[in-house]
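Enquirer:
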Amino acid sequence: MGSFLNTIRCKEKSIPVSKQVIATIAILFLGVVLGTFSKFLDNTPSNVLPFIFEYLDVRNFLGRFAIWVLIAICISVYSSSSVRASLNVLVFFVGMVSSYYLYSKFIAGFFPRSYAMIWIGFTIISPLLAFICWYAKGESKVSFVLSIMMIAVLFNMTFVYGWIYFDMCSFLEMVVFICGLVILKRNTVKQSMIMIVSGIAMAFILNLIFPFHFW
């Protein structure tokens, strides 16, 4: 326990309050921009969008969880403290979800209540998840296990598989998974490889227990 607390103290960064406030406002703005952009794509005919958007299926990609989980992980682990991670991730999802559904209601002219409730629920629990995720970049065994769990979640959002099949959801989900590996990489190649292999093994176990993919 002592070593874990020491790791926490080393990981927390002393950043001026003014810079923290600016960073949080910027994260809120990012959420608003991405939420608006996502709904804009939903509300725009495919033949009007650039070909690359249709080819990569960007519209549906932004409607799934993987990219948003990756952004939340990135915000969490690079925040100055676990409390800041909770706040930053919360304001990101508040900005993203509110802008998406305000656009849906007042510009697109409809409000998918049941789907909105899922995202609102995810926004409510996001500070707790961010608080936990912040510790994943530490040096303790607990941090290593958290990284493995996060890799497992990203793996199951990237790939669909069963006893006789294995496929990825899309190329963009694969990019998300690779980015997740880079963000969560350990200090040595050996540690990173153990983390990746362990994460994939845990993903298969989770798939057997909870065979549901949030994509």
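In terms of numbering that gives the first Met the number 0, the sequence shown is residues 0 to 214.
By construction, the Cβ of each residue, glycine as well, lies at the ideal position given by its N, Cα and C atoms.
1. When the Cβ atoms of the stretch 163-175 are set against those of the stretch 196-210, are three or more pairs found closer than 8 angstroms?
2. With burial defined as no fewer than 16 other Cβ atoms inside 10 Å of the residue's Cβ, what is the status of isoleucine 147: buried or exposed?
3. Locate the beta strand (DSSP E) running through valine 76, then write down its first and last residues.
4. When the Cα of leucine 153 is compared with those of Ile163, Cys132 and Phe176, which residue comes out closest?
5. Give me, in chain order, the residues of the same chain whose beta-carbon lies closer than 7 angstroms to that of arginine 185; leave out the 5 immediate sequence neighbours on both sides.
6. Please look up how many angstroms separate the CB atoms of leucine 27 and valine 90, rounded, as I've assumed it's under 8 angstroms.
7. Closer than 8 angstroms is the cut-off here; do at least three beta carbon pairs connect the stretch 55-70 with the stretch 21-40?
8. If the criterion is Cβ atoms closer than 9 angstroms, does the pair alanine 129 and serine 80 meet it?
9. Run through DSSP, which three-state label would tyrosine 160 get?
10. Taking Cβ to Cβ, would you say methionine 149 is nearer than 9 angstroms to glycine 179?
Expert: Taking the coordinates as given:
1. no
2. Counting of Cβ neighbours within 10 angstroms places isoleucine 147 among the buried residues, the total reaching 16 or more.
3. Note, valine 76: premise wrong, no beta strand (DSSP E); alpha helix (DSSP H) at 65-76.
4. Phe176
5. These residues qualify, in order along the chain: Ser191 and Met194.
6. 4 angstroms
7. Taking a contact to require three or more Cβ pairs closer than 8 angstroms, the stretch 55-70 and the stretch 21-40 qualify as touching.
8. no
9. For tyrosine 160, the three-state secondary structure derived from DSSP is strand.
10. yes
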